[in-house]
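First comes the structure, then the notes that go with it.
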Amino acid sequence: MRFPELQLYPTQPAWHSVLRTLCLKRVIPSIFLTTRAPRLLRYAQFTTPKVVAMKKSLTVLLAALALCAVVFAQNKPAPSGDEIQIRQLERAWNEAEARHDAKAVTNIVADTLTYIDFDGSVMSKDEYIQDVTKTAYQADHLYDEGLTVTVYGNAAVVTGIYRETGTTKGKNYVHRVRFTDTWIRQSGIWRCVASQSTLIQSK
Numbered sequence: 095m096r097f098p099e100l101q102l103y104p105t106q107p108a109w110h111s112v113l114r115t116l117c118l119k120r121v122i123p124s125i126f127l128t129t130r131a132p133r134l135l136r137y138a139q140f141t142t143p144k145v146v147a148m149k150k151s152l153t154v155l156l157a158a159l160a161l162c163a164v165v166f167a168q169n170k171p172a173p174s175g176d177e178i179q180i181r182q183l184e185r186a187w188n189e190a191e192a193r194h195d196a197k198a199v200t201n202i203v204a205d206t207l208t209y210i211d212f213d214g215s216v217m218s219k220d221e222y223i224q225d226v227t228k229t230a231y232q233a234d235h236l237y238d239e240g241l242t243v244t245v246y247g248n249a250a251v252v253t254g255i256y257r258e259t260g261t262t263k264g265k266n267y268v269h270r271v272r273f274t275d276t277w278i279r280q281s282g283i284w285r286c287v288a289s290q291s292t293l294i295q296s297k
């Protein structure tokens, strides 16, 4: 819809084009550009400095937020080599378990492993490795939704959530699990010594 041009001014003032744009975009009512509203136009001209001041304040605020984001990014410490390695081990563990690869899992966990499954059962390393080989659960995907690694010298604690989808006894399943893994570095090699999982109930 086109709006009738005002005949109040032979040359439209600069703010008129701004109002016209706002009307076309339905930001403000079209009455602002009708010949019946000279007082509203004068009011808009009167308040223009306030609008400009608000825009300037907004620009300053956005600039300040951008600066804070840059400073935060610069101050955030880069992940250490140990943290990167443990994240890679966690990912490899998920993939090996999904493939029922007992040999790969054996190299990741310690001989003294204590594994607490989400059903509350407690397993030693041998019991856990045997459980890994079972094919009652066929996982299609097993991936982490995010994890946090905290390194304490030769020890590290990992907390996070992983999601597993697959089939069991011909039925599809989805498990969302919160876990805590404890890692120890022995002879320069990181291995998991304890793992505890809690099933997150779907709402």
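In terms of the working numbering, the sequence shown opens at residue 95 and continues consecutively. No residue lacks a Cβ here, since even glycine has one placed at the ideal position from N, Cα and C. Quick caveat, the model's predicted, so the values are computed rather than measured.
Contact test: residue i Cβ vs the ligand PLP heavy atom, cutoff 8 angstroms
i, result
"residue 193", "This structure lacks the ligand PLP; in fact it carries no ligand of any kind."
Beta-carbon proximity check, residue i vs residue j, cutoff 9 angstroms
i, j, result
"residue 227", "residue 196", "yes"
"residue 202", "residue 286", "yes"
"residue 251", "residue 275", "yes"
"residue 189", "residue 236", "yes"
"residue 216", "residue 206", "no"
Whole-Å CB distance - residue i paired with residue j, under 8 angstroms assumed
i, j, result
"residue 72", "residue 283", "Given a span of 95 to 297 for the chain in the structure shown, any question on residue 72 remains unanswerable."
"residue 212", "residue 271", "5 angstroms"
"residue 232", "residue 260", "5 angstroms"
Outcome for residue i when other beta-carbon atoms lying within 10 angstroms are tallied against a minimum of 16
i, result
"residue 289", "buried"
"residue 230", "exposed"
"residue 172", "exposed"
"residue 180", "buried"
"residue 243", "buried"
"residue 246", "exposed"
"residue 199", "buried"
Which of helix, strand or coil DSSP assigns to residue i
i, result
"residue 257", "strand"
"residue 175", "helix"
"residue 294", "coil"
"residue 238", "strand"
"residue 249", "strand"
Exercise for the section: Could you tell me whether the segment 178-194 touches the segment 247-263, where touching means 3 or more Cβ pairs closer than 8 angstroms? Expected result: yes
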